[in-house]
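Novice:
Residue numbers (our numbering), protein chains in the order written: chain W, 1 to 695; chain P, 1 to 114.
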């Protein structure tokens with residue numbers, strides 16, 4: 001070995017003998033194990049009982065269809081959102097239980113129920129999971145799901161690469177879940193605080209898990225970015241000029257330019273850290289010529305663009321939802337495009353505001369302070385444009401619009417506190433306080449609200465029926481109330497001087513506010529039940545809530561509403577020709593809403609493949625072997641990855657043609673089904689639906 | 001989906017491959033790394049001279065990779081790659097330039113990295 005490892009290592013098992021020294025007697029981990037394994041067993045049993053394995057393999061696991069890949073991304077994101085939320089629940093309850101020297105301790109903790117080392121792992125896992133394995137997959141899922149239909153494409157530019165991106169994300173998720181039970185996870189914060197991440201200070205495998213989880217998920221994000229950019233630039237339908245593209249597609253483009261240019265910086269920073277830990281170099285060590293602030297610098301060169309990587313798609317969701325439920329075109333489409341790309345551009349010049357207090361002084365800080373404040377201009381343009389869209393519109397407060405309005409309101413709060421934190425002098429007081437934590441959770445809640453808005457907005461497009469409106473509103477109000485009760489007290493605690501990442505609160509005066517936060521997190525728990533109930537009830541009532549036209553909301557504006565709900569696997573029977581911004585609204589105004597094309601043509605489509613799963617298997621084995629330093633296994637896994645890629649390169653049977661007659665048969669069946677639904681709807685409600693074949 | 005060609009060996013990028021140029025890129029990289037190693041291993045030069053040497057060598061090795069290995073030019077096949085690279089140049093200079101500027105002031109004011 002190149003470095004001195006604490007604990008056992010041998011060439012065959014690597015560091016796995018460490019597991020013999022760990023004690024698995026913590027009921028918290030036991031509960032998580034029962035939940036994860038029990039949940040997994042229930043799913044496996046259900047699939048076996050209903051004989052769904054073949055269907056799952058053919059229709060989902062081996063698919064390269066962008067819509068199914070998008071749905072799987074979102075499901076993975078939602079599952080990890082639940083996991084990350086569990087971590088949040090533990091952080092909140094631990095802090096409320098460990099206040100003052102007289103607070104009792106259980107399960108080995110002096111105060112509360114989490115030991116400091118365990119608490120550190122929990123908040124590190126919470127941050128890493130929420131940002132990289134929950135929010136990012138959900139956003140990438142929506143980009144996959146909606147963007148190709150919005151531009152009139154049949155699939156992504158590289159369907160195979162798309163599946164590879166998804167499966168890399170799933171491997172990262174698998175590794176982070178494995179770290180719960182096999183070894184431990186990093187305790188050095190989601191940012192990887194240096195030199196704490198060095199081997200001398202973190203001798204266990206936790207930091208290695210953290211490194212390989214991020215590296216592998218970054219591969220997924222990077223290939224996804226290449227794919228999404230290529231799709232937008234090369235796969236647009238005739239007439240879909242760049243300036244006619246929907247704003248969500250524009251934000252997808254801006255997001256992925258950011259992703260493609262910034263993720264390599266993270267990859268290199270983590271690679272250098274890996275060399276420090278595995279080979280004994282001194283890139284980021286505190287001694288031996290290392291410069292640990294260079295790690296912080298590199299991390300945030302990626303980290304701040306990453307903030308806009310996740311917030312821009314949310315702005316895209318809002319730009320789709322607000323006009324639909326205001327029954328008006330989006331105010332100043334071109335300004336929205338400019339604002340989107342301006343945010344993407346400025347995002348590269350603001351990273352230093354994450355460490356204003358490092359010591360570089362007023363000259364440098366002033367530059368980055370002004371650059372940070374500049375972000376407020378294009379963001380302000382967006383907020384005003386959404387507001388102007390609503391003014392004199394026929395605003396309908398259906399669930400997606402409620403989420404959108406909540407998101408915009410949060411943006412005002414998060415933006416104002418962001419402007420405060422852009423001032424270096426304020427940073428000298430509030431850096432490392434929970435005020436900063438409240439601010440960036442405020443910003444991420446903008447994304448969460450927009451995401452849930454997007455879920456309810458596009459659900460009928462993807463599944464062909466509406467989500468239950470009443471339960472949706474209950475979900476929204478519980479989630480909103482939870483957000484207020486958790487984060488308003490957190491802002492206040494930040495002002496009072498509470499620092500972040502505490503496992504013990506020495507100041508009893510903060511207890512009431514911490515209890516309010518626990519009440520808030522309880523409301524979040526209730527909101528999760530409301531969401532699950534909403535989905536169950538909506539599936540039960542799917543016939544009653546079925547969509548009878550391609551335009552589920554009757555006032556939608558873009559091209560994704562110009563095909564069936566749910567769209568067929570080829571998206572459009574005939575490639576659409578685009579005439580205007582807001583093409584579907586234009587067609588509606590011109591009476592051109594028929595989904596029946598003039599004639600049918602053959603359609604060229606990609607075939608399903610199991611190669612991405614094989615790649616994921618070898619990548620997962622490589623990640624696990626690298627974490628535990630089982631080098632022979634890592635080498636074999638790497639050879640497996642290379643061999644599989646070479647095999648794929650020479651695979652010739654990768655696509656097929658859907659004959660025009662088959663397309664016509666499928667379309668006729670679709671249109672008849674929609675007509676039946678419309679007639680059933682007329683009988684149910686006494687109102688007139690709009691049959692799909694109606695001109 | 002965007003592909004017109006099933007045989008990877010007929011892809012324009014693959015067709016432009018050249019063993020001689022790959023070997024040349026590899027040799028150039030090894031030589032540049034070797035010289036950089038000689039320059040740094042003995043700590044014989046001043047800090048500024050060492051930095052100048054390894055910067056020049058890195059630029060030479062980088063250009064060698066771009067032209068000999070990736071074969072970037074303005075041909076129909078490669079123009080996308082070339083333009084993509086050019087678009088990242090401002091970001092590269094911004095990230096590296098602002099970092100140097102920041103560390104310059106940091107070194108003046110603190111002991112970090114000094």
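We put the beta carbon where it would ideally sit given N, CA and C, even for glycine.
Nothing here was measured: the structure is a model prediction, and the numbers come from that model.
#1: Would a check of beta-carbon distances place residue 102/P closer than 7 Å to chain W?
#2: List the residues of chain W whose Cβ lies closer than 8 Å to the Cβ of residue 109/P, in chain order.
#3: Straight-line CA distance for residue 453/W to residue 400/W?
#4: Determine the closest residue to residue 222/W out of 628/W, 384/W and 306/W, with distance taken between C-alpha atoms.
#5: With distances taken Cα to Cα, identify the nearest neighbour of residue 171/W among 440/W, 621/W and 323/W.
#6: Going by Cα to Cα distance, which pick from 475/W, 150/W and 288/W is closest to residue 240/W?
#7: Can you grab the Cα-Cα spacing for the pair residue 483/W / residue 637/W, in whole Å?
#8: Out of curiosity, what's the CA-to-CA distance linking residue 318/W and residue 537/W?
#9: Sort out for me which residues DSSP pairs residue 546/W with in a bridge.
#10: Give every residue of the same chain whose Cβ lies closer than 7 Å to the Cβ of residue 378/W, excluding the five residues on either side of it in the sequence, and list them in chain order.
#11: Just to confirm my understanding: we take residue 531/W, look at its own chain, exclude 5 residues before and 5 after, and list those with CB closer than 6 Å. What are they?
#12: List the residues that DSSP assigns as beta-bridge partners of residue 505/W.
#13: Are the C-beta atoms of residue 610/W and some chain P residue less than 7 Å apart?
#14: Between the Cα of residue 79/P and those of 38/P, 13/P, 110/P and 8/P, spot the shortest distance and give me the residue it belongs to.
#15: Please identify, using Cβ separations under 7 Å, the residues of the stretch 17-49 of chain P that lie next to chain W, in order along the chain.
#16: Quick check: the stretch 89-108 of chain W against the stretch 517-534 of chain W, are at least 3 beta-carbon pairs closer than 8 Å?
#17: Go to residue 605/W, then tell me how far its beta strand (DSSP E) extends in each direction, as first and last residue.
#18: Starting from residue 106/P, find everything on chain W with Cβ-Cβ shorter than 9 Å and list it in chain order.
#19: Could you please give me the residues that DSSP links to residue 105/W through a beta bridge?
#20: Run down chain W in chain order and give the residues with a C-beta less than 7 Å from the C-beta of residue 88/P.
#21: Identify whether residue 442/W lies in helix, strand or coil by the three-state DSSP scheme.
#22: Check residue 3/W in the structure and name its three-state DSSP category.
#23: Which residues in the same chain as residue 693/W place their Cβ atom closer than 7 Å to its Cβ, once the five residues preceding and following it in sequence are excluded?
#24: Taking C-beta to C-beta, are residue 283/W and residue 272/W nearer than 7 Å?
#25: Under the assumption that residue 229/W contacts residue 257/W (Cβ atoms under 8 Å), give the Cβ distance between them as a whole number of angstroms.
#26: Taking the beta strand (DSSP E) that residue 657/W falls in, what are its first and last residues?
#27: Write down every uninterrupted run of the beta strand (DSSP E) in the stretch 124-179 of chain W whose length is 3 residues or greater and which is fully enclosed by it, in chain order.
#28: Kindly indicate which three-state DSSP category residue 609/W falls into: helix, strand or coil?
#29: Ignoring anything shorter than 4 residues or poking outside the stretch 352-419 of chain W, list the alpha helix (DSSP H) runs there in chain order.
#30: Buried or exposed: which applies to residue 48/P, given that a residue is buried once 16 or more other Cβ atoms fall within 10 Å of its Cβ?
#31: Going straight from the alpha carbon of residue 445/W to that of residue 86/P, what length do you get?
#32: If you run the structure through DSSP and keep just helix, strand and coil, what is residue 677/W?
#33: If we cut at 7 Å on Cβ distances, does residue 91/P have a partner in chain W?
#34: Compute the distance between the beta-carbons of residue 3/W and residue 415/W, then report whether it is under 7 Å.
#35: Could you check which residue in 184/W, 398/W and 407/W has the C-alpha nearest to that of residue 314/W?
#36: Would you grab the beta carbon distance between residue 316/W and residue 578/W for me? Rounded to a whole angstrom, and I think it's under 8 Å.
Specialist: Quick look at the numbers:
#1: Here residue 102/P is taken as the residue at index 102 of the second chain, counted from 1. Closer than 7 Å to some Cβ of chain W, the Cβ of residue 102/P qualifies, so yes.
#2: Within the second chain, numbered from 1, the residue matching residue 109/P stands at position 109. Listed along the chain, the chain W residues whose CB falls inside 8 Å of the CB of residue 109/P are 359, 360 and 361.
#3: Residue 453/W sits at position 453 when you count from the first residue of the first chain. Residue 400/W sits at position 400 when you count from the first residue of the first chain. Answer to the nearest angstrom: the Cα atoms are 4 Å apart.
#4: Mapped onto the first chain, residue 222/W falls at position 222. When only C-alpha atoms are compared, the closest one is 306/W.
#5: Counting from 1 along the first chain, the entry for residue 171/W is found at position 171. Residue 171/W has its Cα closest to that of 621/W, out of 440/W, 621/W and 323/W.
#6: As a position in the first chain, residue 240/W is number 240, starting the count at 1. Among 475/W, 150/W and 288/W, the Cα nearest to that of residue 240/W belongs to 150/W.
#7: As a working note, residue 483/W is residue 483 in the first chain. As a working note, residue 637/W is residue 637 in the first chain. Whole-angstrom Cα-Cα distance: 44 Å.
#8: For the purposes of this step, residue 318/W is taken as the residue at position 318 of the first chain. For the purposes of this step, residue 537/W is taken as the residue at position 537 of the first chain. Residue 318/W and residue 537/W have their C-alpha atoms spaced approximately 26 Å apart.
#9: If you number the first chain from 1, residue 546/W lands on position 546. Answer is 465/W.
#10: Along the first chain, read from residue 1 onward, the residue named residue 378/W stands at position 378. The beta carbon of residue 378/W sits closer than 7 Å to those of 339, 342 and 343, all from its chain and outside the five residues before and after it, given in chain order.
#11: Position 531 of the first chain, counted from the first residue, corresponds to residue 531/W. Once the five neighbours on either side are set aside, the close Cβ partners of residue 531/W are 475.
#12: One-based indexing of the first chain puts residue 505/W at position 505. According to DSSP, which records beta bridges pairwise, residue 505/W is partnered with 99/W.
#13: Counting from one through the first chain, the residue named residue 610/W turns up at place 610. No, residue 610/W lies away from the interface with chain P (no Cβ there is under 7 Å from its Cβ).
#14: Reading the second chain from its first residue, position 79 is the one you call residue 79/P. Measuring from the Cα of residue 79/P, the nearest candidate turns out to be 13/P.
#15: Within the stretch 17-49 of chain P, no residue has a Cβ that lies closer than 7 Å to any Cβ of chain W.
#16: As far as the Cβ criterion goes, the stretch 517-534 of chain W touches the stretch 89-108 of chain W, which means the pair count is three or higher.
#17: The residue labelled residue 605/W in the question sits at position 605 within the first chain. Where residue 605/W is concerned, the enclosing beta strand (DSSP E) stretches over 603-606.
#18: By one-based count along the second chain, residue 106/P stands at place 106. The answer, in chain order, is 293, 358, 359, 360, 361 and 364.
#19: Taking the first chain and counting its residues from 1, one reaches residue 105/W at position 105. Looking at the DSSP assignment, residue 105/W forms a beta bridge with 112/W.
#20: Here residue 88/P corresponds to residue number 88 of the second chain, with the count starting at 1. Listed along the chain, the chain W residues whose CB falls inside 7 Å of the CB of residue 88/P are 261.
#21: For this step, residue 442/W is matched to residue 442 along the first chain. The answer is helix: DSSP assigns residue 442/W an H, G or I state.
#22: Looking up residue 3/W in the first chain gives position 3. The answer is coil: DSSP assigns residue 3/W none of H, G, I, E or B.
#23: Your numbering for residue 693/W matches position 693 in the first chain. Confidence at residue 693/W is low in this model, with a pLDDT of 44, below 50, so its placement is unreliable and the value that follows should be read with caution. Excluding residues up to 5 positions away in sequence, 594, 596, 671 and 675 lie with their Cβ nearer than 7 Å to the Cβ of residue 693/W in the same chain.
#24: Indexing the first chain from 1 puts residue 283/W at position 283. Indexing the first chain from 1 puts residue 272/W at position 272. Yes, the Cβ-Cβ distance between residue 283/W and residue 272/W is below 7 Å.
#25: The count along the first chain starts at 1 and reaches residue 229/W at position 229. The count along the first chain starts at 1 and reaches residue 257/W at position 257. For residue 229/W against residue 257/W, the beta-carbon gap comes to about 7 Å, under 8 Å, which counts as contact.
#26: For the purposes of this step, residue 657/W is taken as the residue at position 657 of the first chain. Looking at the DSSP string, the run of the beta strand (DSSP E) that includes residue 657/W is 655-658.
#27: Runs of the beta strand (DSSP E) lying entirely within the stretch 124-179 of chain W, each at least 3 residues long, are absent.
#28: Within the first chain, the letter at position 609 stands for residue 609/W. Three-state result, residue 609/W: coil.
#29: With a minimum length of 4 residues, the continuous alpha helix (DSSP H) runs that stay inside the stretch 352-419 of chain W are 362-374 and 376-390.
#30: Counting from 1 along the second chain, the entry for residue 48/P is found at position 48. Burial state of residue 48/P is exposed, judged by a 10 Å Cβ sphere holding fewer than 16 other Cβ atoms.
#31: Taking the first residue of the first chain as position 1, residue 445/W is located at position 445. Taking the first residue of the second chain as position 1, residue 86/P is located at position 86. About 36 Å.
#32: To locate residue 677/W, count along the first chain from 1; it is residue 677. DSSP places residue 677/W in the helix class (H, G or I) of the three-state scheme.
#33: Locating residue 91/P in the second chain gives position 91, where the first residue counts as 1. Yes, its Cβ sits closer than 7 Å to a Cβ of chain W.
#34: Residue mapping note: residue 3/W aligns to position 3 of the first chain, counting from 1. Residue mapping note: residue 415/W aligns to position 415 of the first chain, counting from 1. In this structure, residue 3/W sits away from residue 415/W, with a CB-CB distance that is not shorter than 7 Å.
#35: As a position in the first chain, residue 314/W is number 314, starting the count at 1. Closest option to residue 314/W, Cα to Cα, is 407/W.
#36: Translated into the one-based positions of the first chain, residue 316/W becomes position 316. Translated into the one-based positions of the first chain, residue 578/W becomes position 578. The pair is not a contact, with the Cβ atoms about 18 Å apart (cut-off 8 Å).
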